[in-house]
Each structure stands twice: as C-alpha cells, then as structure tokens.
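Reading through the structure tokens given below for one structure.
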C-alpha cells in the first residue's frame, strides 16, 4: 500500500490499563438501544475507504467509534482514529456503506426520487467522557517511524466491559435536492416553501410520528419531495 500523505498523525492517548470508574446510566426514551462496546462492530472487519481526492484504500481491520462516528483500525497495542477531513466514504464488506457527513460516518436509511435519509449513530458522549476523565493520560509521541500502511491520527483505548453500557442515539440528515440538512423541525420549516411546510405539519400531526423513527422520517421525506 502506498503512503497516504493526506492523513496527518497529530496526538496519541496512552492505553488504559485499568477501569477505575463504573458508569451507571438511565436510558432516556430517545435511545434506541444500549451498547457494551465503544465500536459499531463487535469485531474489526475489512473495508474500502474512499478519500476526498478520489483514490481508494482497502484496510483489513476497521471499525466505527460510536463516540463520534469516526473510522478506527488497530495498530499494535493502539487503536487508531482516522482524520475524517480526508475521508469521503467507507464501504464495510458484507455490511453497510457510509458517507462522511460533518466528519461523521452516516449510513443510508432509504431514498426517494433522488432525496435521501441518512443516520449517524452515537452513544452518550457526556457519559463516555465522565468515564474516561480519570483514566486517560494524553502525551506526545513521535510516530515518524510508523510503517506506510498507517492512515490514522489518534490512538484511543476501547473498553468492552459488560457493565459499561451506553444508550445509542440516532441523528438523522436529509439530502434534499443535493443539499445536506440536519433533520430538525425548525431547520426544515425554515427552508421549505409554504405548501411543503403545510404538508410537513400534517405528517407531524399523525399519531405515530416520531423524529427518532426511520419510518416517520421517510414518510416526511416523501411528503416534502412530491
């Protein structure tokens, strides 16, 4: 694999040796599920990474960090976090494809007449940071001697304790006529013409509508597309 110059190595975290703080979280109604892992996949898996300059790179072991939905892969005792500024998309073999939305990996939920609904899954970041507060030491590290197949920027420790459970939240985006918009009532009402706003309010008034349900949002997407 050739050297990827665009991805700059900038900071490292020392590997966490012991877990000193057990975290208990009340799961709010918006959370769809809970996780005991900091990653989307239980095991690292192959993927094809497409960079912003158009070239691609296949990595044998990759994953997604649910704290900020960034690309991860192992390097020795460390887990490396990629610089998302240079990543356009990631295609995990045998599973979903993801695109970069605001430096987070988002998967396609569904599409309708060219407009698309995307989802970013994140766990409770504040709870995660409270857990790491007394456990992470940050230091500078000279990485100039690392081999050419490194495409990463930050090392982190991934804790997989069974008692470490965090709620997963879904954050949705719509691609409307080529413009990426975060799904939010005020944002959509502000950008839509009057007739579309009327249709949107009708959909929102239906009994089962929820901003966290993919089915509801696809119903809304279709209504404001037609």
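Residue numbers (the numbering used here): -6 to 219.
C-beta atoms are modelled at their ideal positions from N, C-alpha and C, and glycine is treated no differently.
Exercise for the section: Just mark residue 75 as buried or exposed, buried being the case when its beta carbon has 16 or more other beta carbons within 10 Å. Expected result: Burial is judged here by how many other beta carbons sit within 10 angstroms of a residue's own beta carbon; residue 75 has at least 16 and is buried.
Exercise for the section: In the DSSP assignment, find the unbroken beta strand (DSSP E) run with residue 216 in it and report its ends. Expected result: Unbroken run through residue 216 is the alpha helix (DSSP H), 207 to 218; no beta strand (DSSP E).
Problem - Distance CB(residue 58)-CB(residue 31) smaller than 8 Å - result: Residue 31 sits close to residue 58, with the two beta carbons spaced by under 8 Å.
Handout entry: The alpha helix (DSSP H) enclosing residue 89, as first and last residue numbers
Key = First-last for residue 89: undefined, no H or E at that position.
Handout entry: Reference residue 192; option with closest CA among 203, 218, 204
Key = Ranking the options by Cα distance to residue 192, first place goes to 218.
Handout entry: Beta-carbon spacing of residue 210, residue 174 below 8 Å
Key = No, these two residues do not count as a Cβ contact at 8 Å.
Problem - Backbone secondary structure at residue 78 - three-state DSSP - result: If DSSP states are grouped into helix, strand and coil, residue 78 belongs with the helices.
Practice task
Out of 212, 62, 88, point me to the one whose CA is closest to residue 196's CA.
Solution key: When C-alpha distances from residue 196 are compared across 212, 62, 88, the shortest belongs to 212.
Exercise for the section: Using the Cα positions of residue 180 and residue 103, report the straight-line distance between them to the nearest angstrom. Expected result: Rounded to whole angstroms, the separation of the alpha carbons of residue 103 and residue 180 is 20 Å.
Practice task
Determine the DSSP secondary structure at residue 187, reduced to helix, strand or coil.
Solution key: Note: residue 187 maps to helix in three-state DSSP.
Practice task
Could you check which residue in 53, 44, 201, 96 has the C-alpha nearest to that of residue 36?
Solution key: Considering only alpha carbons, the answer is 53.
Practice task
Check residue 36 in the structure and name its three-state DSSP category.
Solution key: Residue 36 falls in the coil class under three-state DSSP.
Practice task
Starting from the C-beta of residue 214, find all residues in its chain whose C-beta is less than 7 Å away, skip the five residues before and the five after it, and write them out in chain order.
Solution key: Take residue 214, set aside five residues on each side of it, and the residues of its chain with a beta-carbon closer than 7 Å to its own are 105, 108, 110, 167, in chain order.
Problem - Per DSSP, cross-strand counterpart(s) of residue 63 - result: Looking at the DSSP output, residue 63 bridges to 58.
Exercise for the section: Can you have a look at residue 96 and say buried or exposed, based on whether 16 or more other CB atoms are within 10 angstroms of its CB? Expected result: Under this definition residue 96 is an exposed residue.
Exercise for the section: Return the CA-CA distance between residue 50 and residue 40, expressed in angstroms with no decimal places. Expected result: Counting only the Cα atoms, residue 40 lies some 8 Å from residue 50.
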